[in-house]
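Number of protein chains: 2
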Amino acid sequence: MTQKQLHLNAFLMDSGHHEASWRLPDSDPGAALDVQHYVRLAQIAEAAKFDSIFLADGSVAMGTGEFRASGQFEPLTILTAIAGATERIGLIATASTTYNEPYALARRLASVDHVSKGRAGWNIVTSATHEEAANFSLAERPLQATRYERADEFLTVAKKLWDSWGDGHFLGDKEGGRWGDPAQLRAIDHVGTHFRVAGPLNVPRPVQGYPLLVQAGASEQGKAFAAKHAEAIFVAHQTLEQGQAFYADIKARVAAEGRNPDHVLVLPGLVPILGATEAEATVMAQELDDLRIPEYGLRQLATFLDIDAATIDLDAPLPREVVEQEVREGFDSRARLVIDLAHRENLTVRQLLGRLGGGRGHNVVIGTPEQIADQMETWFTKGAADGFNVMGASLPSGLEAFVETVVPILRERGLFRSEYSGTTLRENYGLPRPVNQFDVEVANA
Amino acid sequence: MTQKQLHLNAFLMDSGHHEASWRLPDSDPGAALDVQHYVRLAQIAEAAKFDSIFLADGSVAMGTGEFRASGQFEPLTILTAIAGATERIGLIATASTTYNEPYALARRLASVDHVSKGRAGWNIVTSATHEEAANFSLAERPLQATRYERADEFLTVAKKLWDSWGDGHFLGDKEGGRWGDPAQLRAIDHVGTHFRVAGPLNVPRPVQGYPLLVQAGASEQGKAFAAKHAEAIFVAHQTLEQGQAFYADIKARVAAEGRNPDHVLVLPGLVPILGATEAEATVMAQELDDLRIPEYGLRQLATFLDIDAATIDLDAPLPREVVEQEVREGFDSRARLVIDLAHRENLTVRQLLGRLGGGRGHNVVIGTPEQIADQMETWFTKGAADGFNVMGASLPSGLEAFVETVVPILRERGLFRSEYSGTTLRENYGLPRPVNQFDVEVANA
Ligand SMILES: Cc1cc2nc3c(=O)[nH]c(=O)nc-3n(C[C@H](O)[C@H](O)[C@H](O)COP(=O)(O)O)c2cc1C
Ligand SMILES: Cc1cc2nc3c(=O)[nH]c(=O)nc-3n(C[C@H](O)[C@H](O)[C@H](O)COP(=O)(O)O)c2cc1C
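Taken in order, these protein sequences are the chains called A and B.
Just so we're aligned, residue 33 is where the first sequence starts under our numbering, counting upward by one.
Just so we're aligned, residue 33 is where the second sequence starts under our numbering, counting upward by one.
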């Protein structure tokens, strides 16, 4: 029997996940504006046989753009460019159910899945911020409950649309003059609370049936949604215990939905800061930290926690009101994680910013390749992870270091593949191609 | 002084513009589902130094899919794939102002403009059909006046967004810790009838300032919109006189808007059916026509004219009520052109379908390369065209034949370029890069 393997996703972000990475001597500060940078990162990850790459997204410019890249190209456009320059690696992009229409987004995702020959994945987000609402003609951001209700109906419609152009529709029968089989092109006539969509979709069913469905919402509502729809879950945890608790909880929820827990992969974030020795790694971490501008981090933290930056002392712990506040409507569950971290480790705000600057709440691991591989193996074998969302603190260098030093150790230990076995993203993750709901209906009729 | 040159756009469509093209012995019936087909067509057009390629679009599956391709991949996805496989040719895609949000679409177009290094164009449509409305949660299609009002405000917002991230924003100043210049990243705070958009956009101003703005609405409202916003106009005309009348009218409207008429190019459609002799061309046209299925054409025509197919006799002229009907709200101006054609030439419905099957109302020219070049020269020199929208009846063969036989004649006559002189789509068309409205404000302050 072959040993169970872990999965690796490379979370790509301009010059790196550390907020000051663009200031490193070797960094290209304009990386965010260069699609070839993303293509090269994907090629590095593919050469190392990663399952997939991932692009986060939001429909808002980041801050004033003074201290880090103000934006990023639209992610499905970047993925399409990467698709033409790679062959096997999966391509996951973020898109919002709150600010898209199901017909248009289902079609774009299906198009990318075809262009990439079955490598598209969709990180489903509901877009919690005021700033995004203000770019889409809304006076207020929609309530969390409304957002997830819409997201759920959005998925129902998208799946119907992907199934509407059946796998057997195209005939290409020149002689008989039959391009397609009308019985395989089906109106969906969806009528719901948020959407009325007639269908059928005007592109064929995706190569993968549906693109891989990914989710990253850690709130109650987010977890309920993930249990119902997600096939891979990105999470941010600081400790093994947190990771185990989440893992057990989400797999139980998946089972309660009548789904197979093995078909939902949990991928915690990991920010590796590598050195040949622990001391070298610490120097690297320090170099990055010294390039941070704490006033900027404070402004960002204040927005994130919805508090006033002027009331915060960098060299004191977070004010008690902040630590003790109730979880509020629309309050990002990652904000809670940040507050808990500061409280648990009794950090000053300056120290907290140092911890966040590297990974925005994700697990930053500073150490040797062996130490990082050890931690990954522990999380993997002790029920906290099915794989990892690898977040290079600097890019490409952080990803290159991981690929060159950590991946070989994982391979030696039999934990990670040396070759791709399949050709689609679902095959990389060992996930089945979904059955077409209309074919099931016909079979049952 | 160099002679004025005409411009060539290649309008790409699966196996060709003739509805039966997919049934030709050499055609790939699955061309619509193969992005490499589109890449190859673009490469053929680029090798011939065409200004641009163009993809039409609608958010609806075509008919039942029985007699021709039911759909096409989302066009900006196809253009991004083409961008990676070409260098100089412009890339124009259709997108709707009725079923998109300005923030999302402006961002995607800007992204494609950057990925292609300044080669993106946008064919702006307002989506007139019931079928599209039914895919976007609307019970009724919006009224024409409402659609164009929204389109006008959409363009205002999109231009503000493209200008919001100023050309000088990116600094990349590692030493000073200044990634960008906040003064060049500007909120737009647009508040209008259809949209409220805060901005700024989260991608840099397009390489071209704005993507090339293209339009194809031939109704009164469409022409008013084109006069205000368009830089290239696609049209369908049957006769030189129609072409001249439209050309004179639209250039006058452009001047009345205070714009330079030379900066708005008129590109009538041309469906060349080529043969070494006229007789050979006629055989080719006949071969295509024999592959048509008239009952299917009738069904399509009936939908297009909003009449009942069952009341139509294939071997009689269109019923008098149809010919005499008033132009109705929402009635496509191309429908009127079709009715006028049938009436003017006293065609039976079967004959009319023969004429439409080739080019859906566009000018089908059957003849030798010289004859086609003559007609192009006449239209160009006699004030009916600044260039042509070349619509291969079959693809790639129809485009290849045009490139190999007609383009050399145009070159000999000094009417068409032998080399690209610029690198962007605007440079191909000899159009200026728009000034940033916020820079003008600052200069005037
Ligand atoms: C690894 C990771 C990546 C994420 N990427 C995005 C993203 O690209 N866009 C976004 O709006 N939210 C992103 N999120 C946030 C979540 O989708 C979610 O909005 C957030 O955790 C709040 O949870 P809730 O929406 O369930 O309240 C990400 C979260 C994680 C852990
Ligand atoms: C060459 C050409 C291409 C066109 N492409 C599209 C298209 O891709 N999508 C679309 O909805 N309409 C397309 N149209 C139709 C026009 O945009 C417009 O909707 C139609 O002429 C009706 O005019 P109106 O909208 O001004 O009433 C095209 C028209 C022409 C002449």
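C-beta: ideal position from N, C-alpha, C; glycine also.
Min CB distance residue i to chain A below 8 Å
i: Q37 of chain B; result: no
i: F266 of chain B; result: no
i: H146 of chain B; result: yes
i: P174 of chain B; result: no
i: F82 of chain B; result: no
i: S143 of chain B; result: yes
i: T96 of chain B; result: yes
i: P24 of chain B; result: With chain B covering 33 to 477 only, the question about residue 24 of chain B has no answer from this structure.
i: V67 of chain B; result: yes
i: L217 of chain B; result: yes
i: G150 of chain B; result: no
Neighbour list for residue i in chain B, Cβ cutoff strictly below 9 Å
i: Y131 of chain A; result: E133, Y135, A136
i: V157 of chain A; result: None at all; the shortest Cβ gap to chain B is about 14 Å.
C-beta neighbour in chain B for residue i, strict 8 Å
i: K206 of chain A; result: yes
i: G48 of chain A; result: no
i: Q104 of chain A; result: yes
i: N292 of chain A; result: no
i: L44 of chain A; result: no
i: F470 of chain A; result: no
i: W194 of chain A; result: no
i: T380 of chain A; result: no
i: H201 of chain A; result: yes
i: W154 of chain A; result: no
i: V239 of chain A; result: no
i: G454 of chain A; result: no
Partner residues on chain A for residue i, Cβ-Cβ distance less than 9 Å
i: W54 of chain B; result: G204, K206, W211
i: G415 of chain B; result: Ordered by position in chain A, no residue passes the 9 Å Cβ test against G415 of chain B, which lies about 38 Å from the chain.
Neighbouring residues, chain B, relative to residue i (Cβ below 8 Å)
i: S91 of chain A; result: Y135, A136, R139, N234
i: I325 of chain A; result: G209
Beta strand (DSSP E) segment containing residue i, residue limits
i: T126 of chain A; result: 122-128
i: R210 of chain B; result: 210-212
i: G204 of chain B; result: 202-205
i: A77 of chain B; result: Segment 67-79 is the alpha helix (DSSP H) holding A77 of chain B; no beta strand (DSSP E) there.
i: I282 of chain B; result: Where I282 of chain B is concerned, there is no enclosing beta strand (DSSP E), although the alpha helix (DSSP H) it sits in stretches over 272-288.
Neighbour list for residue i in chain A, Cβ cutoff strictly below 7 Å
i: T112 of chain B; result: T109, T112, A113
i: A101 of chain B; result: W211
i: P214 of chain B; result: T96, G97, E98
i: G62 of chain B; result: F202, G204
Secondary structure of residue i, DSSP reduced to three states
i: F412 of chain A; result: helix
i: P300 of chain B; result: strand
i: S53 of chain B; result: helix
i: L330 of chain B; result: helix
i: S84 of chain B; result: strand
i: R449 of chain B; result: coil
i: F99 of chain B; result: coil
i: A93 of chain A; result: coil
i: Q247 of chain B; result: strand
i: A42 of chain B; result: strand
i: D372 of chain A; result: helix
i: R228 of chain B; result: strand
i: I305 of chain A; result: strand
i: N292 of chain B; result: coil
i: M33 of chain A; result: In this prediction, M33 of chain A scores a pLDDT of 44, lower than 50, which makes its location untrustworthy; the coordinate-derived value is nonetheless stated afterwards. Three-state result, M33 of chain A: coil.
i: G254 of chain A; result: helix
Listed by chain order, chain B residues near residue i by CB distance under 7 Å
i: A166 of chain A; result: A230
i: F227 of chain A; result: S169
i: G430 of chain A; result: Simply none; closest approach about 17 Å.
Residues near residue i by beta carbon distance below 6 Å, same chain, minus five either side
i: R331 of chain B; result: A341
i: K260 of chain A; result: E289
i: Q276 of chain B; result: G415, A416
Range covered by the alpha helix (DSSP H) that runs through residue i
i: A177 of chain A; result: 176-196
Contact set for residue i: own chain, Cβ-Cβ below 8 Å, skip 5 residues either direction
i: L38 of chain B; result: M408, F412, A417, D418, G419, F420, L442, L447, F448
i: Q403 of chain A; result: E310, V397
Within-8 Å CB hit, residue i to chain C
i: S169 of chain A; result: Looking at the structure shown, chain C is missing, and the protein chains on hand are A and B.
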